[in-house]
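Trainee:
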Amino acid sequence: MATILNIETSGKICSVAITANGGVEYHIESDSEMNHAVCLAPYIEKCLKELERKEQKLDAVAVSIGPGSYTGLRIGLSLAKGLCFAKEVPLIGINTLKILAVKGMFKSLDWEGDELLVPMIDARRMEVYTAVYDFGLKTIETPGPLILDENSYSELLRNNKIIFIGDGVEKARTVIDNPNAIWIDYGQPTAIDMNALSDLSFRNEDFLDLAYSTPEYLKEYRATTPNNKVLGEITKF
């Protein structure tokens, strides 16, 4: 099986892992508040040194491509592209919601397998980035932003047990009251959770274009206006 360096920077956790032979061989992460610009490059360097120590060849780099933090996604994808260019290996992009869905799938051995998986990423206020998948990761509802209310997922919850996972779960529980809802509190995606998805993409040769690939924000990025009027004036030039 392929030796892949996996990078996850879509949320609060900055995480890098080497996966090979169906498992995780090395992993390093930090949950310092959105400090990815400082942490990521040293983490990648440590992983590369680990590959050298084991005399392993890097076959590909996989990176979470969103949705998630605009800044985190840009940092992760930029460093992943640079590494692929330097090492002459392909780039794999993994949807962050699918990473969370897989995390939920393997969270318990008690699932029946006919439940639906609903990953949720907090998008502020009552909005989340979300999607619906079955246990074969077939898309039931396509990824997108959703403003939560008491009717969210009501049709699906009538006939299905739904596993909700992600940092959007806390707000969802305040408006969704249904016995078929299964809550996995505060699930954050990490590089470890990318293992199966990145290996499948490598086997299928599902690679990103190094020049033109961009993060999947799902919403248009809007730069904020500085509160400091002096800074605001400076940024106009």
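In terms of this note's numbering, the sequence shown opens at residue 2 and continues consecutively. Beta carbons: idealized from backbone N, C-alpha and C, even for Gly. Remember, it's a predicted structure, so these values are computed and weren't measured experimentally.
1. Just the Cα atoms here: how many angstroms apart are R125 and K13?
2. For N7, which beta-bridge partners are listed by DSSP?
3. For V176, count the other beta carbons within 10 Å of its own beta carbon; 16 or more makes it buried, fewer makes it exposed. Which is it?
4. To test your reading of the DSSP string, which unbroken beta strand (DSSP E) runs of 3 or more residues are found completely within the segment 128 to 201?
5. Please name the residue in Q189, N181, P144 whose C-alpha comes closest to that of R159.
6. Rounded to the nearest angstrom, what separates S31 and S70 at their Cα positions?
7. Output the boundary residues of the beta strand (DSSP E) element that contains P120.
8. Given that a residue counts as buried once 16 or more other Cβ atoms are within 10 Å of its Cβ, and exposed if not, what is E151?
9. Rounded to a whole number of angstroms, what is the C-alpha to C-alpha distance between S155 and K50?
10. Under the three-state reduction of DSSP, which class applies to E30: helix, strand or coil?
11. By Cβ distance, which residues of its chain are closer than 8 Å to I45, with the 5 residues on each side in sequence left out?
12. For my contact list, L209 and V103 are in at a C-beta cut-off of 8 Å; report their separation, rounded to the angstrom.
13. What residue range does the alpha helix (DSSP H) around L74 cover?
14. Quick one, are the C-beta atoms of L211 and L92 less than 8 Å apart?
15. How about the segment 46 to 65 and the segment 131 to 143: do they share at least three Cβ pairs that are nearer than 8 Å?
16. Per DSSP, what kind of secondary structure is L211 in: helix, strand or coil?
17. Would you report the Cα separation of T225 and G188, rounded to the nearest angstrom?
Mentor: From the atom records:
1. 14 Å
2. Its beta-bridge partners are A18, A63.
3. The residue is exposed, with fewer than 16 neighbouring Cβ atoms inside 10 Å.
4. 128 to 134, 140 to 148, 163 to 167, 182 to 186
5. N181
6. So the alpha carbons of these two residues sit roughly 16 Å apart.
7. 117 to 123 is the extent of the beta strand (DSSP E) around P120.
8. With a 10 Å radius around the Cβ and a threshold of 16 neighbouring Cβ atoms, E151 comes out exposed.
9. If you take the alpha carbons of S155 and K50, they lie about 50 Å apart.
10. Of the three classes helix, strand and coil, the one that applies to E30 here is strand, per DSSP.
11. L6, I8, V17, L80, L84
12. Going by Cβ atoms, the distance from L209 to V103 rounds to 19 Å, so no, they are not a contact pair.
13. Run containing L74: 71 to 88, per the alpha helix (DSSP H) assignment.
14. yes
15. no
16. coil
17. Bear in mind that a pLDDT of 45 at T225, under 50, signals an unreliable position, so the model cannot answer this.
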